[in-house]
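For reference, the structure discussed in these notes is given below.
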Amino acid sequence: MTIDAATTALIPDRQVADDDVYLSPRQLAWRRARRHPGLLFGLAVVVLVTLVAVLAGVIAPHDPYEQDLSQQFAPTVWQEGGSWINIFGTDSLGRDVFSRLLYGARISLIIAFFAASVAAVIGTAIGVIGGYFGGRIDAVIMYLISCKLSLPGLIVSLSLVSVFGSSPVVLVLVIAFLFWDRYAIVTRTVTMQLREREFVTAARALGSSHSRIIISEILPNLLNHIIVVLTLEMAVAILVEAALSFLGLGIQPPTPSWGNMVSEGRADMFFQPHLVAIPGLAIFLLVISINLLGDGLRDVTAPDGRN
Amino acid sequence: MLRFLMRRLVVSALVAVTVSILAFGLLRLSGDLAAELAGSGASEEQIHKVALTYGLDRPTYIQYLDWAGSALRGDFGKSLFTGEAVSDIIAHALPVTAKLAFFSLVLILVLAIPIGVLAATYPNSWIDRAALAVATAGQAMPSFWFGLMLILVFGVWLGWTPISGQDGWSNFILPTATVALSSLAAPMRLTRAGMLEVMQSDFIRMAQAKGLPQRVVLYKHALRNAILPVVSVLMVTFGHILAGTVVVETVFSLHGLGYEVFHAILRADFPVVQTVVAFVSITYILLTLLSDLINAQLDPRIALS
């Protein structure tokens with residue numbers, strides 16, 4: 001009997017298919033990813049929107065700020081009298097909706113990405129400290145999380161933005177400081193489980209300090225979870241930024257954001273419904289794709305215990 | 001159980017105090033509330049006068065204790081702009097928001113539980129996938145946009161529903177649909193997951209083996225056991241709806257808590273903002289406390305852990 005056959009026999013769940021035998025967890029994850037339509041669709045849209053956001057200056061057919069009152073409410077390409085010059089028509093100030101949409105993608109993605117990343121740092125720090133040390137420290141952490149959960153997020157964001165102004169940096173920080181709880185809850189639970197594992201005990205027996213154990217034993221094992229939460233929180237951040245901008249306290253006109261485009265289109269909604277429909281659909285499509293990507297990543301990296 | 005109850009009560013009280021301090025500080029973070037109220041271009045003297053009028057010249061902690069003390073006696077101060085007592089503003093606005101939250105919760109219940117049960121009965125069927133798709137889409141939809149689209153389709157094109165106002169019950173149809181769709185996912189997934197788990201257990205197989213009709217097995221035996229986590233999630237959802245109606249109330253011109261607090265924020269009307277934020281937070285704390293206690297009562301293992 002060859003060694004290969006012996007190993008195969010020892011690992012029964014690897015016997016299912018022959019080509020499964022020598023796949024590392026990473027290769028298995030790749031295989032699951034390629035067979036996951038939700039993940040592939042989400043990834044495709046997110047990559048596309050990111051490209052559009054980066055290349056907005058090159059692709060956009062018009063200047064998103066250029067007003068032309070003689071060209072007010074030009075029809076979209078599928079409406080009567082529409083042309084390919086303004087694919088999605090123009091708004092009440094004669095600005096090209098398609099170009100504004102492309103530039104709006106940039107704002108949405110930048111704010112969402114940085115907000116979710118800052119939140120990841122805050123939430124992970126809080127969650128790991130609580131989960132690793134346990135006891136009284138964990139009780140304090142749980143109390144912090146409860147306080148955060150009891151605050152009405154959107155109302156508090158609105159108040160903070162009204163106080164500190166609505167520059168993109170303020171928006172990123174406000175969203176980050178209000179939406180770190182999911183990272184904290186997930187990393188705390190996982191850290192509690194990791195703390196009992198052999199490799200942590202081994203590191204402790206070797207005399208590693210707490211900070212060293214956290215940095216080189218705990219954090220690398222949390223990375224997959226953090227990435228999954230980061231994806232899902234980016235979707236939340238996009239929705240919050242859009243809501244703030246819709247209410248007039250987010251991205252300020254004339255800078256285009258998908259939220260304030262809906263708000264600007266609202267005045268003419270009954271006659272020009274596409275001015276509201278298009279930016280809203282863009283938000284919806286991006287958010288659902290990011291969610292599909294996040295759910296897919298979770299299925300692929302941690303296929304057990306999905307529910 | 002008594003120890004669990006005491007511990008939860010103490011923690012909840014601590015959280016409530018902390019949150020009330022945060023709510024109080026929210027509009028004061030800019031540093032000089034008096035200058036903001038006096039408006040840009042106000043002279044030193046005018047700012048000082050504003051500070052004296054509203055007691056803003058006193059140390060912040062005294063102002064907090066003063067506010068919290070009066071609040072405990074039912075006096076929440078007056079709006080700086082209308083002069084109306086904050087308690088009156090809340091008394092007018094709360095019924096609107098409470099109605100919206102209650103209708104939404106009923107709609108969520110009516111949709112999430114039967115659909116969740118159906119999805120669990122036929123896992124991976126088209127109905128399961130469709131239910132998941134609707135819930136996922138509902139979560140991803142910006143509610144202000146979905147609300148506007150509903151107004152456009154049902155209010156304007158079809159003319160079935162009024163598009164704004166709050167006098168009749170029909171005014172609540174579209175806002176309720178908007179809120180319910182965005183909160184449908186969690187209770188529905190939980191019902192499905194709970195049912196799938198319960199359906200594997202021995203007593204269900206026993207009920208099926210006895211030859212009970214599938215309907216009786218599903219709704220009388222399985223659902224009763226699967227629904228516990230759903231109940232507590234619904235409590236939390238109710239809290240979220242109360243806290244999250246700013247957008248929907250603005251879209252549909254409902255003069256509820258969210259609408260009032262939003263306009264108070266725009267005018268730096270701090271007595272209204274701090275009271276509403278504290279009120280919503282403390283309601284949330286009470287709801288989660290209640291759901292924890294119900295869960296502990298139904299499943300005594302929780303209190304022991």
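Line by line, the protein sequences give chains A and B. Each step along the first sequence adds one to the number in the numbering used here, with nothing skipped, and position 33 is 33. Each step along the second sequence adds one to the number in the numbering used here, with nothing skipped, and position 144 is 144. Using N, Cα and C, we set each Cβ at its ideal position, and we do this for glycine too.
Residues near residue i in its chain [Cβ-Cβ closer than 8 Å; skip 5 each side]
| i | result |
| --- | --- |
| L239/A | I283 and V287 |
| V200/A | L194, I213, E217 and I218 |
| L222/A | T124, V128, T187, V190, T191 and L194 |
Residue from the options with nearest C-alpha to residue i
| i | options | result |
| --- | --- | --- |
| Q253/B | K78/B, L109/B, L174/B and V10/B | In the sequence under discussion, the amino acid at residue 253/B is Ser, which differs from the Gln named in the question. The shortest Cα separation from S253/B among K78/B, L109/B, L174/B and V10/B belongs to L174/B. |
| V174/A | W84/A, A237/A and L219/A | A237/A |
| V58/A | L102/A, D268/A and D295/A | L102/A |
| S281/B | S183/B, P229/B and L257/B | L257/B |
| L244/A | L297/A, A202/A, S159/A and L281/A | S159/A |
| L29/B | P25/A, F114/A and S157/A | S157/A |
| I85/A | F164/A, Q71/A and D268/A | Q71/A |
| D66/B | T97/B, I21/B, A226/B and P229/B | I21/B |
| V140/A | R106/A, L151/A and I126/A | I126/A |
| A133/B | S87/B, L181/B and F172/B | L181/B |
| R224/B | V198/B, Q208/B, K210/B and R7/B | V198/B |
| F288/B | L27/B, P114/B, L234/B and P213/B | Checking the sequence shown, residue 288/B turns out to be Thr, not Phe. Closest option to T288/B, Cα to Cα, is L234/B. |
| G74/B | F172/B, E44/B, D88/B and A222/B | D88/B |
| L150/B | L292/A, L285/A and G280/A | G280/A |
For residue j and residue i, the rounded distance between their alpha carbons
| i | j | result |
| --- | --- | --- |
| A112/B | V179/B | 14 Å |
| V248/B | I241/B | 10 Å |
| V231/B | V262/A | 36 Å |
| L40/A | V10/B | 48 Å |
| Q166/B | A56/A | 43 Å |
| A242/A | A140/B | 12 Å |
| R306/A | A185/B | Any answer about R306/A is weak, because its pLDDT of 44 lies below 50 and its placement is not dependable; what the coordinates show is given next. Looking at the two C-alpha atoms, the distance is approximately 16 Å. |
| V236/B | P187/B | 10 Å |
| Y131/B | R215/B | Looking at the sequence itself, residue 131/B is Ala, so the reference to Tyr does not match. Taking the straight line from one Cα to the other gives about 20 Å. |
| L5/B | P300/B | 12 Å |
| L293/B | Q67/A | 60 Å |
| A5/A | P25/A | Confidence at A5/A is low in this model, with a pLDDT of 49, below 50, so its placement is unreliable and no value can be given for it. |
| A176/A | V17/B | 23 Å |
| E84/B | L178/A | 31 Å |
| A42/B | T53/B | 15 Å |
| E233/A | I122/A | 13 Å |
| S146/A | G211/B | 47 Å |
| Q297/B | V15/B | 23 Å |
| L152/B | T176/B | 16 Å |
Buried/exposed call for residue i, threshold 16 Cβ in 10 Å
| i | result |
| --- | --- |
| S209/A | exposed |
| S291/B | buried |
| V106/B | exposed |
| K148/A | buried |
| Q200/B | exposed |
| G63/A | A small fix is needed here, since residue 63/A is Asp in this sequence, not Gly. D63/A comes out exposed. |
| I137/A | exposed |
| W258/A | buried |
| L2/B | exposed |
| F203/B | exposed |
| Y360/B | Nothing can be reported for residue 360/B: it is not among the residues displayed for chain B, which extend from 1 to 305. |
| E264/A | buried |
| E260/B | buried |
Host alpha helix (DSSP H) of residue i (start-end)
| i | result |
| --- | --- |
| A74/A | Note, A74/A: premise wrong, no alpha helix (DSSP H); not H, not E. |
| E264/A | W258 to R266 |
| W126/B | W126 to A140 |
| T124/A | V97 to F133 |
| K49/B | E44 to T53 |
| L2/B | L2 to G25 |
| N224/A | L219 to F246 |
| M195/B | A185 to M199 |
| R212/A | H210 to I213 |
| W67/B | T60 to L72 |
| W145/B | S143 to L150 |
| L266/B | L257 to L266 |
| D292/B | F270 to L298 |
Cβ of residue i within 8 Å of any chain C Cβ
| i | result |
| --- | --- |
| S40/B | Chain labels in this structure do not include chain C; the protein chains are A and B. |
Cβ-based neighbour list, residue i, same chain, cut-off 7 Å, excluding 5 preceding and 5 following
| i | result |
| --- | --- |
| S164/B | F252 and S253 |
| A51/B | A34 and D57 |
| P254/A | Y65 |
| V96/B | Q166, L254, H255 and G256 |
Same chain, Cβ closer than 6 Å to residue i, five either side skipped, listed in chain order
| i | result |
| --- | --- |
| P75/A | G81, G82 and G89 |
| A35/B | I47 |
| S289/A | G42, V45 and V46 |
| A119/B | D128, A131 and R192 |
| R267/B | F81 |
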